[in-house]
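Worksheet for the structure shown next.
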Amino acid sequence: MIDRRFSSVGHRASVTRVLLQDKIVVVSGVGPGLGQAIAIQSARHGADIVLVARTAARLDEVAKEIDAMGRRVLAVPTDINDDDSARRLADSVSAEFGRVDALVNNAFAMPPMMDLTEADLTAVAEGFQTNVIAALRLTRLFTPALAESRGSVVMINSSVLRHSRQPFGPYKMAKSALLALAQSLASELGPRGIRVNSVAPGYIWADSVKFYFAYLAQERGITPEEVYAETAAGIDLRKLPEPDEIADAVVFLASDMARAITGACLDVNGGEYHH
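Below, the structure is given as structure tokens:
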């Protein structure tokens with residue numbers, strides 16, 4: 035679908051491509067920040083959305099916004115670490131829509147932020163369950179539907195892949211495993227017409243980072259704006275990406291515009307790291 039509008043300068047025609055028109059997109063880990071942005075941006079590009087998270091109240095808020103945009107939306111409170119709960123999700127989507135065109139594995143649990151030599155192994159394993167095993171669980175459940183639609187999977191990774199600073203060891207372990215999962219699935223599922231790609235953001239200028247910068251500012255006796263400026267100075271574009279900017283990359287990879295791309299990991303970090 036092409037939406038043609040006229041700009042206010044010289045009445046020049048501009049073209050906006052709607053990338054996901056009438057696609058069914060499942061987004062896990064919907065909450066404030068990136069999960070919500072992915073769902074909203076997908077709906078703006080014409081998709082009908084399945085919202086997945088453990089907290090029903092949060093899903094309802096996002097569902098109202100998508101419904102107001104004129105898109106169909108299904109909110110399914112789900113514990114993606116539980117086989118039965120995840121299976122009920124897949125059954126609900128099949129009953130409501132009868133198809134799936136894209137799955138975005140965005141659900142995330144922060145592993146312990148401490149050195150690998152000291153981290154509690156149970157906590158490390160719990161991080162793997164949500165960040166890696168649950169992504170595999172959902173992908174397996176939706177594989178038959180994705181094969182039928184020749185759809186795609188997008189894994190939300192992290193620029194932690196690009197460095198080994200302390201105390202990010204457990205976090206890098208989980209995200210590195212998620213990247214390996216995505217690449218292996220790309221090879222396994224490619225013959226069935228399913229593409230599997232990853233997006234790796236760095237800092238995302240949303241509530242959690244804003245809170246963290248405010249904390250750092252208080253600890254150092256400076257302003258949050260100064261913390262932002264120091265951080266942005268090491269980024270080529272001199273700004274932290276915002277949730278919508280990450281979501282746009284997800285929409286692209288989920289769309290037919292990326293129909294020849296699989297097994298890729300797209301860094302979306304404003305140039306903080308080059309890969």
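Numbering (our numbering), first residue to last: 35 to 309. We put the CB at the ideal spot given by N, CA and C, even for glycine.
Notebook entry, point to check: Skipping 5 residues on each side, what residues in its chain have a beta carbon closer than 7 Å to that of Arg19?
Noted result: Nothing in the structure corresponds to residue 19, since the chain is present only between 35 and 309.
Next item on the list: Would you tell me roughly how many angstroms separate the C-alpha atoms of Val166 and Ser221, rounded to the nearest one?
Entry: If you take the alpha carbons of Val166 and Ser221, they lie about 17 Å apart.
Check: With DSSP run on the structure shown, which of helix, strand or coil describes Asn139?
Finding: The three-state reading of DSSP puts Asn139 in strand, counting E and B together.
Notebook entry, point to check: Helix, strand or coil: which one does DSSP assign to Asp113?
Noted result: Here Asp113 carries a coil assignment [DSSP, helix/strand/coil].
Next item on the list: Measure from the alpha carbon of Asp113 to the alpha carbon of each residue in Ile280, Arg122 and Ser289, then state which is nearest.
Entry: The shortest C-alpha separation from Asp113 is found at Arg122.
Item checked: Closest residue to Gly203 among Gly161, Leu219, Ala179 and Ala168 (Cα-Cα distance) -> It is Gly161 whose Cα lies nearest to the Cα of Gly203.
Next item on the list: Go through its chain and collect everything with a Cβ distance to Val243's Cβ below 8 Å, but skip five positions before and after it.
Entry: Cβ neighbours of Val243 beyond the five flanking positions: Tyr237 and Leu274.
Next item on the list: Indicate the three-state DSSP secondary structure (helix, strand or coil) for Leu108 in the structure shown.
Entry: Taken through DSSP and simplified to helix, strand or coil, Leu108 comes out as strand.
Item checked: First through last residue of the alpha helix (DSSP H) which encompasses Arg174 -> First-last of the alpha helix (DSSP H) with Arg174: Ala168 to Ser183.
Next item on the list: Specify whether the segment 97-104 and the segment 68-81 touch according to this definition: at least 3 beta carbon pairs, one from each stretch, less than 8 Å apart.
Entry: Because the criterion of three Cβ pairs below 8 Å is met, the segment 97-104 and the segment 68-81 touch.
Notebook entry, point to check: Could you check where the alpha helix (DSSP H) with Arg254 kicks off and where it finishes?
Noted result: Start and end: Asp241 to Arg254.
Check: Apart from the five residues on each side of it in sequence, which residues of its chain come closer than 7 Å, Cβ to Cβ, to Asp278?
Finding: Shown here for Asp278: same chain residues with a beta carbon closer than 7 Å to its own, the five before and five after excluded, namely Ala71 and Gln75 in chain order.
Next item on the list: Entirely within the segment 56-115 and at least 4 residues each: give me those alpha helix (DSSP H) ranges in chain order.
Entry: Fully enclosed alpha helix (DSSP H) runs of 4 or longer: 68-78 and 90-102.
Item checked: Residue of Glu276, Ala248 and Ala136 minimising C-alpha distance to Arg293 -> Considering only alpha carbons, the answer is Ala136.
Checklist line | Under the three-state DSSP convention, the category Arg121 falls into | finding: Of the three classes helix, strand and coil, the one that applies to Arg121 here is helix, per DSSP.
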